[in-house]
Amino acid sequence: MIAGSATRAQVKIEGTVQGVGFRPFVFRIARELDLTGWIVNGTDGVTIEVEGAAEAVGRLLERIQAVCPPGAKIERMSVRPIPAVGDSEFTIQPACEGGTKQLAMAPDLATCVDCVEELFDPLDRRFRYPWLSCTQCGPRFSMVTGVPYDRANTTMSRFVLCEACRVEYEAPENRRFHAESTACPACGPKLALWDVDGQVSAEGEEALQRTCRIIRTGGIVAVKGIGGFHVWVDAASEEAVQLLRARKRRAHKPFAVMFPSLETIRMTCTLLPGEAEWLTSPEAPIVILQRLEQTSLAQGVAPGNPTVGAMLPYTPLHHLLMRKLGTPVVSTSGNRSEEPIVTDEQEARRQLAGIADVFLIHDRAIARPMDDSVVRMSRSGPIVLRRARGLVPRTIRLPESVACHVEGPVLAVGGHLKNTVALLDGDRILLSQHLGDLSTLETEYAVRQAIDDLQWLLRVKPYAVACDLHPDYRSTRLAEEMAGRWDIPLVRVQHHHAHVVACMAERGVTGEVLGVAWDGAGYGEDGSLWGGEFLLTTYRESQRVAHLHPFRLPGGEQAAREPRRAALAVRWETFGAQGCLAGVEEGTEWGEQAQLLVAMLAKQIQSPVTTSMGRLFDAVASMLGLCQVASFEGQAAMVVEQEGIRASVSVHGEGDTYPIPLITRDEAPRRWIADWRPMIELMADDLRHGIERSRIAHRFHHSLAELIGQVAERVGVRQVVLTGGCFQNVLLADLARVRLESAGFVVLTHREVPPNDGGLALGQAVIAATQLRTGC
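So for the sequence shown, our numbering puts the first residue at 762; every next one is plus one.
What follows is the structure, encoded as structure tokens:
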């Protein structure tokens, strides 16, 4: 091509454009349009220089934006004309090391349809090979060890491509053109079955067959996947499921279930709009579904729970196992409760000893733990309960008017439960995968690793660090340590302010909102435990305009594990010292304990004050006889929600709410207190008169939705954010939305980030950056 007769443009693209087949995609379009130039991965994204007829260059740019590969996401694209140089062809160049950093690497993607077809094609050279993948699917973030995204910077670097794979890797027309996870039986990872002593008992195809036989006969298998180990048992075998519960010491918390196909899910669950799309998406999360009354699943999979966490196979290994088994399996994270998922086979032997009978392992290393994402559908769209595989590391863009130009990136360390960490730089923020509860040294180590990981991968050093206001959180102490070691500012952020701003940031909201932040507990500005809050909120600050009537929790944190203590507390607040013991059987262990707890309440001993909506849910669960002692976090609230869903009460029927009057006090005349005591009185009266528990539970939810509507009408701010762990409850979220929208309010809920504490780090980072900014 003669340089003087051509147009040349330089195109810079930021977003999820590495590891998703973006370079081959552009390459093929350029060749088709007879364009020359090159494309290269860099640490700032992708750079293209393209040359040819002006019309053809324009068509390439249009197609890049209109028909991106699945999994790709363009966040920003700039184009500028440059002098033509007369290239002879269009090429993919080796990755460059220049630039600043890459904030949008690709997440792990579920096996695509083409690869599944190859997997079961006897004529294909990758027939039944557990690690086939292409540019459209397979491991990404869980195997990357550096940027830019090239094979040398992944855990596949030790597997040298054979000649056949190299030909595919270098062929523009091939689906594996520059697919960094490319492998085959001749050159890729190998499969083995270990016994509990780490001795190989089978390899390759025999390992697969033996694994299936063990599961069919009631055995427990630890399976190494993309982001860590999962523990599998036959989901139809009550004996096997109960054995797993006993070994894992997990009495009631529901297990996730992997199904062979969407058709087998339909035989077990009701699929609502959007749920099938999530199940079959490249993200392939666990989706919480309503279970049919009669199913083949063992009752122990989700005892007393009408829902099930369902997922489909998302790796070739899963497809091979599930095709052979033909029935659902429990697939639960290979870890101790709320600790990071185990990634290494030797560590799996240590941690899962006494749980798994055998270990199905492979020799591709996992760069970072990556648990399954969990999603639930509400009327208004998806609620992400756990953000991990398939969703991380997607970046979140801040609104242009909010993007804050501080002197450097801001690190946020999240909270105590469901911890994640985040790194904000300019107008983009990267939130880590779910790491677990910071109640063990193992999780703290994982959090430290994640922080180091983000800095190393993104080549940045924090200018400031943000943490929760709670002085005793491990995350707070970690932030204090880092701020001191790095000599950088430490910004302490109130828990519920962070919840509200996390939703504002991910939804791109500007201006003031009314934030309804309801959860189990968060350290308040007055030192008490907040949790039923209405906050007038901006990115910089928040004002508490309403909250629940406060009550005391006898025994503090123990009350969160025993809903009966919360019930005793709200009854004590409502009926007094004598009335609160109504229904408590004297002479029993609980009866004697209740007497002591009442004395503690009266003397205000070890009974911290709270306004927690989560604990109010616990109290209702106990009063309704649904849950007295919880075996996992959120259990009581879950059963109250499910009981409410069972009711057939109209949304706006007369008499379907309990009164929760809004009152003020002289010392705070502009702050409303939501007095739930009249509701508790009438609820107790309904119970005495034999009203169905499901009707009471539904009225409770509807009453809370009405409370939200009344506060919103008094405050008068048009935008209302619903956030905090209580809004994982789809019945509450849906009723609140109906009430608010009917009154003309704009309702904002989380779409990409969990409403629970898994989203705190996002809010912390944005608030800290806003408070530290030097200009926008």
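Where is the CB? At the ideal position from N, CA and C, for every residue including glycine. In this text, all values refer to a predicted model and were calculated from it rather than measured experimentally.
K1364 sits exposed, since fewer than 16 C-beta atoms from the chains shown fall within 10 Å of its C-beta.
In the three-state scheme derived from DSSP, where H, G and I count as helix and E and B as strand, L1357 is classed as helix.
Taken through DSSP and simplified to helix, strand or coil, W1437 comes out as coil. Sequence-distant partners of R912 (beyond 5 residues in either direction) whose C-beta falls short of 7 Å from its own C-beta, in its chain, are S918 and E941.
In the DSSP assignment, M1072 forms a beta bridge with M1019.
Under DSSP, M838 forms a beta bridge with I774. For the set S1289, G1169 and E1205, the Cα lying nearest the Cα of H1231 is the one of S1289. For P830, no alpha helix (DSSP H) encloses it, and the DSSP letter there is neither H nor E.
Beta-carbon to beta-carbon, I987 and P900 are separated by about 5 Å, close enough to satisfy the 8 Å threshold.
Nearest C-alpha to K951 among E924, C973, L893 and R937: L893.
Secondary structure within the stretch 873-937: the alpha helix (DSSP H) runs of 4 or more consecutive residues, fully enclosed, are 874-880 and 924-931 (chain order). I1122 places its beta carbon less than 8 Å from that of W955. In the DSSP annotation of this structure, the continuous segment of the beta strand (DSSP E) that includes F1295 starts and ends at L1290 to T1298. Annotation for R1097: Q1112, T1201 and E1203 place their beta carbon closer than 8 Å to its own, counting only its chain and skipping 5 residues before and after. Residue pairing for L1078: DSSP places it in no beta bridge. Counting the other CB atoms within 10 Å of its CB gives E1099 a total of 16 or more, which places it among the buried residues.
Contact annotation: A1017 and S1092 have beta-carbon atoms nearer than 8 Å.
With a threshold of 16 other beta carbon atoms within 10 Å, W1217 falls short and is exposed.
For L1086, same chain residues with a beta-carbon under 6 Å away, outside a window of 5 residues either side, are C973 in chain order.
Closest in alpha carbon position to V1527, among V1262, N1066 and L1192, is V1262. Contact between the stretch 799-819 and the stretch 771-779 is present: 3 or more CB-CB pairs across the two stretches fall below 8 Å. DSSP, read as helix, strand or coil, puts D1214 in helix.
By the Cβ test, the stretch 1458-1472 is in contact with the stretch 1497-1510, since at least three Cβ pairs between them sit closer than 8 Å. According to DSSP, residue pairing for R1426 in a beta bridge involves A1429. For A1338, same chain residues with a beta-carbon under 7 Å away, outside a window of 5 residues either side, are V1359 and A1363 in chain order.
Closest in alpha carbon position to Q1055, among A1045, E1044, P1067 and V1048, is P1067. Remark: C-beta atoms of C898 and A867 do not approach each other more closely than 8 Å. Just measuring C-alpha positions, the residue of A1244, E1318 and V1507 sitting nearest V1270 is V1507.
Under the DSSP assignment, A1126 falls outside any beta strand (DSSP E); it carries neither an H nor an E label.
The stretch 1357-1407 contains, as complete alpha helix (DSSP H) runs of 4+ residues, the segments 1374-1384 and 1396-1407 (chain order). In the three-state scheme derived from DSSP, where H, G and I count as helix and E and B as strand, P1250 is classed as coil. For V1145 against V1153, the beta-carbon gap comes to about 11 Å, at or over 8 Å, which does not count as contact. Listed in chain order, the non-local C-beta contacts of P1420 below 7 Å within the same chain comprise P1439 and M1440, local neighbours out to five positions each way being set aside.
If you keep only unbroken alpha helix (DSSP H) runs of at least 4 residues inside the stretch 1170-1237, you get 1202-1219. Counted as a single uninterrupted DSSP element, the beta strand (DSSP E) harbouring K985 occupies residues V982 to K985. Ranked by Cα distance from G1486, the first of A1458, I1434, E1353 and E1402 is E1402.
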